[in-house]
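Trainee: Residue numbers for the sequence shown, in numbering that gives the first Met the number 0: 0 to 238.
Glycine included, C-beta positions come from ideal geometry on N, C-alpha and C.
Nothing here was measured: the structure is a model prediction, and the numbers come from that model.
After the structure tokens below, expect a handful of questions from me.
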Amino acid sequence: MADHKVAQLGPGAACCGWNHCGRRLAAGAVDGSVSVYDSQPSPSSKWQAHEHAIAAVVWLPPDYGDAIACVCADGTLSLWEEIAEDDQLPIWRKCKVFEGGSSHILNVQFGVLLSSLKMVIAYSDGQVKVYELLDSLELDKWQLQAELQNITDPVSRIGKPACISASIAWSPRRGEGQQASFAIGFNSDSPNFNSCKIWEFEEAHQRWLPLIELGSPEDKGERVHALAWAPNIGRLALS
0 MADHKVAQLG PGAACCGWNH CGRRLAAGAV DGSVSVYDSQ PSPSSKWQAH EHAIAAVVWL
60 PPDYGDAIAC VCADGTLSLW EEIAEDDQLP IWRKCKVFEG GSSHILNVQF GVLLSSLKMV
120 IAYSDGQVKV YELLDSLELD KWQLQAELQN ITDPVSRIGK PACISASIAW SPRRGEGQQA
180 SFAIGFNSDS PNFNSCKIWE FEEAHQRWLP LIELGSPEDK GERVHALAWA PNIGRLALS
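Here it is as structure tokens:
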């Protein structure tokens, strides 16, 4: 079978990500531009999303339209949605910008919980924030739901880490009775932050609780570079 070229990314491409059905590809570049490909080698859309390099592009779940999140090398995060009006070509509109403040945003992932969209953001100081979308039709209306630290010991005792990257993975829902959960691990200079932990949402008290810390005693604290759940058997792979 002959190979079929899906897309040809330019020399400045820094990251890319498929949408949930695997039909559209978004690519971020070092010049801050973002391109979207639709089954053609050439991009169907391209725009300037940031002044600095794009570090990651993540698609939102399909129930919320064609929208992506862009993590920039300057530590900011922007949300973009595709807008099509009448017979005009679709354009990408900026909906929201999240600033990292004194720390940089490293990664973002989205999960759907009881028809509500959740967004988990990891920061370079080891902090984790969970946001909830207030209106499914308005991607600029987010509410901070929780602020977490991916450690068991107080930060005041061990000090703040310097995190290079963070990996986040939402657990696939396998039944109505299963609580929403996500796994997160850091690549930092502090072993206390690096260990991958799974956080679970407790419906009764509307809060996130640490469920389990992964890793054997001999490899506890090793840097986490990537996380991925198996589709339907509740297993998690990390490297």
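Is DSSP giving N249 helix, strand or coil here?
Mentor: One cannot answer for residue 249 here, as it falls past the ends of the chain, which runs 0 to 238.
Trainee: Is D139 helix, strand or coil by DSSP?
Mentor: Within the sequence shown, the letter at position 140 stands for residue 139. Three-state result, D139: strand.
Trainee: Determine the contact status of C20 and P61, defining contact as a CB-CB distance below 8 Å.
Mentor: Counted from its first residue, the sequence shown places residue 20 at position 21. Counted from its first residue, the sequence shown places residue 61 at position 62. It is a contact, given that the beta carbons lie within the stated cut-off.
Trainee: Tell me, please, which residues DSSP counts as bridged to L208.
Mentor: Numbered from its first residue, the sequence shown carries residue 208 at position 209. Looking at the DSSP assignment, L208 forms a beta bridge with E199.
Trainee: Nearest by alpha-carbon distance to Q144: which of D73, A165, N231, R206 is it?
Mentor: One-based indexing of the sequence shown puts residue 144 at position 145. Looking at the Cα atoms, R206 is the closest of the given residues.
Trainee: Helix, strand or coil for D37 per DSSP?
Mentor: Against the sequence shown, residue 37 aligns to sequence position 38. Of the three classes helix, strand and coil, the one that applies to D37 here is coil, per DSSP.
Trainee: Which residue wins for smallest C-alpha separation from G99, given the options Q47, A83, I120, K45?
Mentor: In the sequence shown, counting from the first residue as 1, residue 99 sits at position 100. Checking every option, the nearest Cα to that of G99 belongs to I120.
Trainee: In the DSSP assignment, the alpha helix (DSSP H) including N191 goes from what residue to what residue?
Mentor: The residue given as residue 191 occupies position 192 in the sequence shown. In the DSSP assignment, N191 falls within the unbroken alpha helix (DSSP H) covering 190 to 193.
Trainee: Check whether the Cβ atoms of G125 and K117 lie closer than 8 Å to each other.
Mentor: Here residue 125 refers to the residue found at position 126 of the sequence shown. Here residue 117 refers to the residue found at position 118 of the sequence shown. No.
Trainee: If we call anything under 8 Å between Cβ atoms a contact, is C195 one with L147?
Mentor: Reading the sequence shown from its first residue, position 196 is the one you call residue 195. Reading the sequence shown from its first residue, position 148 is the one you call residue 147. For C195 and L147, no; Cβs fall outside 8 Å.
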